[in-house]
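Colleague: So that we are looking at the same thing, I have put the structure below in structure tokens.
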Amino acid sequence: MIEEHVPGVPHVTWGRIANRGYHPGMSDERPYSPGLEGVVAAETGLGYVDGERGRLLYRGYRIGDLVEHGTYPAVANLLWTGDWDAGHRLSTGELPRGVLDTLRALPNTAKPMDALRTAVSAWGATQALTWPATADQARALTAFSPSALAAFARLRAGKEPIDPDPSLNLVEGFLYQLNGTKPDAGTARALDAYFVVGAEHGLNASTFTARVITSTRSDLASAVAGAIGALKGPLHGGAPSEVVEQIHQVGSVERAEQWVKETLDKGERLMGFGHRVYRAYDPRAAALRKVAESMEHPPEWLALATAVEDVALRVLEERHPERALKTNVEFYAAPVLMGVGLTPDLFPATFALARHAGWTAHVIEQSADNRLIRPDARYIGPAERDLPS
Ligand code: ACO
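Numbered continuously in this note's numbering, the sequence shown closes out at residue 399.
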């Protein structure tokens, strides 16, 4: 209990309840959910994440079917327009001069996520974007960003950027602009599948950020630059590069069980397992596992990774019988991204490229039925008082 004299008010006792935000004359008993957990803050027709049953649907279509029968441009178009056109194409876009100059001005030590966020912001400054956002704006930005990331990756390695090839679909085009050679069909297909599973995932932190920015009637580039900023945080941007690191630590199938147990004994977490929403096997992990196993050039340690997964699932179940801890998307994102030749430091920005479809679709959806997003905070600071004389 804290006793405090509040000027103008008789002696009051409010310490214990002060933590609950009670102030004389300022009582606020509305429910508060830290992190907005469990709060429904939007209605969406885009992505349905069913954590209990391990289902992910985009506009009602199962993620596994979309990976098998679709491409990223077709899925992006589905999210933007609601129409399924399996043959829909989208190539990477041109970089405006101002963007290229901006990328050239960055230090080559800049993080790829910082470079991408900067490029999206610079792109917005060249576009005179109007509100509300349109599917054409979404297409243009989604096409632009892979070129920007590829250009930065080349510039930091002392190489010149490569112009887009309009004959290539978006993911092939990205790999071409990154590496200077056209990818084989299997490699392009594998990364395309990763883009499909990364395209949309409900009202996660970055998507919420994009919707908040849009709700002020700000433009699409601002919303996506903000979303990239939110995705950059390690609690959101995922950990496929840490999966790579852990599998390297395991070293061999024989050591898997011992390594898993020792890691858990130290109180550390197994990367690529557990999820806030999914209690069942993450459907994106299941789709990417198939892709990884069918790749022509999977990383050598894919077999080791699947062996580690079996052991990890068994040991996690023994240790946490009360809580289902299953494989999440990051576990199989790692072999796919490595298998297509990306370096781990490009993983988060590549995830951001994939999420462009979802972010921009949410921006369109938010602007179509907009209400300024403006929640309240419960005040828990000092009660009203006089300035010290
Ligand atoms: N390894 C070992 N134990 C785990 C793991 C894991 N991967 N995940 C959860 N647990 C345990 C926790 O130690 C905790 O046990 P305790 O109650 O005895 O302390 C219990 O399960 C519940 O954990 P929470 O952190 O409350 O679960 P939450 O739903 O908040 O966490 C998260 C989800 C952050 C993904 C967690 O499972 C984790 O850290 N996983 C490893 C990192 C990872 O794979 N991240 C990628 C997620 S997918 C994505 O972001 C796209």
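For glycine and all other residues, C-beta sits at the position ideal for the given N, C-alpha and C.
List in chain order: all unbroken beta strand (DSSP E) runs of 3+ residues lying wholly within the region 130 to 209.
Modeller: Within the region 130 to 209, no complete beta strand (DSSP E) run reaches 3 residues.
Colleague: Report yes if the CB atom of A220 is closer than 7 angstroms to the CB atom of W369, and no otherwise.
Modeller: A contact, by the Cβ cut-off of 7 angstroms.
Colleague: Starting from the Cα of A143, find the closest Cα among D93, T136, V234 and give me that residue.
Modeller: Closest option to A143, Cα to Cα, is V234.
Colleague: In this structure, does DSSP put G31 in helix, strand or coil?
Modeller: At G31, the pLDDT of 45 sits below 50, so the modelled position is not reliable and the matter cannot be decided from this model.
Colleague: What I want to know is whether the C-beta of E327 ends up closer than 6 angstroms to one or more non-hydrogen atoms of the ligand ACO.
Modeller: Flag unset: Cβ of E327 not near the ligand ACO.
Colleague: Go through its chain and collect everything with a Cβ distance to A153's Cβ below 7 angstroms, but skip five positions before and after it.
Modeller: So the list reads L100, S101, T102, G103, L180, once near-sequence residues are dropped.
Colleague: Going by Cα to Cα distance, which pick from D396, V350, Y291, A302 is closest to R63?
Modeller: Closest option to R63, Cα to Cα, is Y291.
Colleague: Given 6 angstroms as the limit, tell me if M123 has its C-beta closer than that to any heavy atom belonging to the ligand ACO.
Modeller: Not under cutoff, so the answer is no.
Colleague: Here's the rule I'm using: 16 or more other beta-carbon atoms within 10 Å means buried, otherwise exposed. How should Y389 be labelled?
Modeller: Flag for Y389 reads exposed.
Colleague: Give me whichever residues DSSP pairs with G57 in a beta bridge.
Modeller: Beta-bridge pairing links G57 to Y68.
Colleague: Would the beta-carbon of T128 fall within 7 angstroms of that of G108?
Modeller: No; because the gap between Cβ atoms is not below 7 angstroms, this pair is not in contact.
Colleague: So, do the region 177 to 193 and the region 111 to 131 have three or more beta carbon pairs nearer to each other than 8 angstroms?
Modeller: Segments in contact, no.
Colleague: With respect to 6 angstroms, is the separation between the Cβ of G243 and the closest non-hydrogen atom of the ligand ACO below this value?
Modeller: Outside the cutoff, so no.
Colleague: Give the range of the alpha helix (DSSP H) segment to which W94 is assigned.
Modeller: Premise fails: W94 is in no alpha helix (DSSP H) and is neither H nor E.
Colleague: CB-CB under 7 angstroms to T360, same chain, minus the five flanking residues each way: which ones, in chain order?
Modeller: Cβ neighbours of T360 beyond the five flanking positions: L347, L352.
Colleague: One question on the structure: do L209 and A367 come within less than 7 angstroms of each other, judged by their Cβ atoms?
Modeller: In the sequence as presented, Leu is not what sits at residue 209; that position holds Ala. Against a cut-off of 7 angstroms, the Cβ pair of A367 and A209 comes out as a contact.
Colleague: Let me know the secondary structure DSSP gives L326 once reduced to three states.
Modeller: Correct three-state label for L326: helix.
Colleague: Return the first residue and the last residue of the alpha helix (DSSP H) that P250 is part of.
Modeller: Element bounds for P250: 250 to 260.
Colleague: Just to check my reading of the structure: S157 and V130 have Cβ atoms closer than 8 angstroms, yes? What is that Cβ distance to the nearest angstrom?
Modeller: That pair is no contact at about 12 angstroms.
Colleague: Classify R333: buried if its beta carbon has 16 or more other beta carbons within 10 angstroms, exposed otherwise.
Modeller: The residue in question, R333, is exposed, as its Cβ has fewer than 16 Cβ neighbours within 10 Å.
Colleague: Look at V301 and A163 and say whether their C-beta atoms are less than 7 angstroms apart.
Modeller: Not in contact: V301 and A163 (Cβ atoms no closer than 7 angstroms).
Colleague: So W269 is in the alpha helix (DSSP H); what residue range does that whole segment cover?
Modeller: It spans 266 to 275 - the alpha helix (DSSP H) in which W269 sits, taken as one unbroken run.
Colleague: By the DSSP assignment, the alpha helix (DSSP H) with R365 in it spans what residues?
Modeller: That run of the alpha helix (DSSP H) goes 357 to 378.
Colleague: State the DSSP-derived secondary structure class of T219, mapped to helix, strand or coil.
Modeller: Correct three-state label for T219: helix.
Colleague: Answer yes or no: the CB of E340 versus the heavy atoms of the ligand ACO, is any distance below 6 angstroms?
Modeller: E340 Cβ: within cutoff of the ligand ACO.
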